[in-house]
Structures are given as C-alpha cells and as structure tokens.
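In the numbering used here, the protein residues as written are 13 to 213. Contents: one structure, followed by commentary.
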C-alpha cells in the first residue's frame with residue numbers, strides 16, 4: 013500500500029510539475045500578449061495623436077483660407093462715397109418744400125479699386141421713405157441681397173475699369189411725399205456699397 017501511495021504521490025508530483033510548466037507557459041504567453049497590447053495601444057495612441065494634429069492643421073489652414081478669401085472679396089468690392097441727394101422743383105431748382113419736389117437728383121462717387129474686376133456692373137439704388145416704404149415704379153423691379161428679394165428705385169449700368177467714377181441718377185416723383193427723413197442705399201454685386209440720409213421739410 014505504501015509503495016502504491018508513493019507511486020501515486022510521484023505521479024501526482026510529476027503531473028503537478030507538468031501543470032506548473034503549462035501554467036508558466038500560459039503566464040508567459042499572457043505577459044507577451046499584454047506587452048503586445050500595450051505596444052498596440054501606444055501605436056494607436058501615437059497614430060490618433062498624429063491624426064488629431066493633422067486635423068487641427070487642416071482646420072487651421074481652412075480657416076486661414078476662408079479669412080483670406082473674405083479679405084480678397086472685401087478688397088474687390090465697389091464702394092460708393094460722397095453721396096448726395098438734391099430735390100428739384102418743376103423749374104429744376106432746388107425744392108425747399110416737400111410739396112414742391114418733382115424729381116430727385118442723386119449723385120455719388122464709385123471709388124478707385126484696382127482689385128475689383130473690370131467690366132459692366134449693375135447698380136441698384138433704393139430710395140426709402142420715412143415709413144420705410146421704398147419708392148419703385150413696379151413691384152417687379154427687384155434684386156437679390158443676402159438671400160432676400162428687395163425692390164429697387166433705380167437701376168444703373170456702368171462700365172467699371174477700376175478708376176474713380178462720378179455717377180448721377182434721377183428719380184421722377186409720381187408718388188405722394190411727406191416731410192421726414194429719407195434714405196438712399198446703393199447696392200452692387202449683391203453688396204450694400206453706400207448709404208445716405210436726407211430730410212424733406
């Protein structure tokens with residue numbers, strides 16, 4: 013019996029030793045896998061960081077390009093200055109009273125701009141009454157501004173060559189006018205390029 017027990021104990025020791033070797037092998041494999049996973053995580057982290065850096069660079073470049081495009085667009089816009097309005101009576105003299113006004117002479121300067129594209133331009137002039145109603149000869153006289161359709165009073169074509177131009181337009185009054193503050197707005201290329209207020213008494 014003792015001999016049998018000794019044999020069994022040796023067998024169990026050998027089996028236990030074998031199991032320990034297998035366990036050590038598994039532990040080594042797990043350790044290797046953990047190291048590999050850690051390396052993979054590091055690689056993934058580095059790649060993610062590079063991707064994020066590249067994304068930020070692209071975003072910054074896109075923003076710089078957008079800002080530059082805006083500056084170029086702004087630089088190329090026309091600009092109307094020295095805007096004046098002269099109300100005229102039926103003798104073509106300056107009207108002193110609103111009841112005597114039969115015509116508006118409107119003048120302005122389109123300033124020199126060598127950045128602006130040369131060629132034919134369409135100017136839209138709006139004359140707005142004190143109640144914000146726009147003087148217009150037809151409801152179909154419209155143009156687009158900031159995704160809205162607006163009525164215009166006068167449409168003027170000019171040939172722009174980048175040099176300063178003096179412009180004068182006329183509005184024959186067929187509407188009832190009353191005393192108050194009026195406004196002239198000038199548009200070109202979908203942009204408001206000048207405004208001027210004037211009063212009628």
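The beta carbon of each residue, even a glycine, is placed where N, CA and C say it ideally should be.
Listed as beta-bridge partners of residue 172 by DSSP are 131. Contact annotation: residue 196 and residue 97 have beta-carbon atoms nearer than 8 Å. A check of alpha carbon separations from residue 174 across 147, 128, 153 identifies 128 as the nearest. Counted as a single uninterrupted DSSP element, the beta strand (DSSP E) harbouring residue 207 occupies residues 203-212.
With contacts defined as CB atoms closer than 8 Å, residue 138 and residue 170 fail to qualify as a contacting pair. Under the DSSP definition of a beta bridge, residue 162 partners with 155. Under the DSSP assignment, residue 182 falls in the beta strand (DSSP E) whose first and last residues are 177-184. A distance below 7 Å between beta-carbons, with the five flanking residues on each side excluded, links residue 191 to the following residues of its chain, in chain order: 110, 212, 213.
Here DSSP, grouped into helix, strand and coil, assigns residue 200 to strand. In this structure, the straight-line span from the alpha carbon of residue 125 to that of residue 93 is close to 13 Å.
In the structure shown, residue 34 falls within a helical segment according to DSSP collapsed to helix, strand and coil. Here residue 166 really is in contact with residue 181; their C-beta atoms are around 5 Å apart, less than 8 Å. Rounded to whole angstroms, residue 203 and residue 168 show a C-alpha spacing of 15 Å.
The C-alpha of residue 76 is placed about 25 Å away from the C-alpha of residue 91.
DSSP, read as helix, strand or coil, puts residue 140 in strand. The alpha-carbon separation between residue 141 and residue 210 amounts to approximately 10 Å.
Per DSSP, residue 98 is one residue of the beta strand (DSSP E) stretching across 92-100. For residue 178, the closest C-alpha among the options 39, 43, 64, 120 is that of 120.
Bounds of any beta strand (DSSP E) do not take in residue 114, whose DSSP letter is neither H nor E. Under the three-state reduction of DSSP, residue 148 is assigned to coil, being neither helix nor strand.
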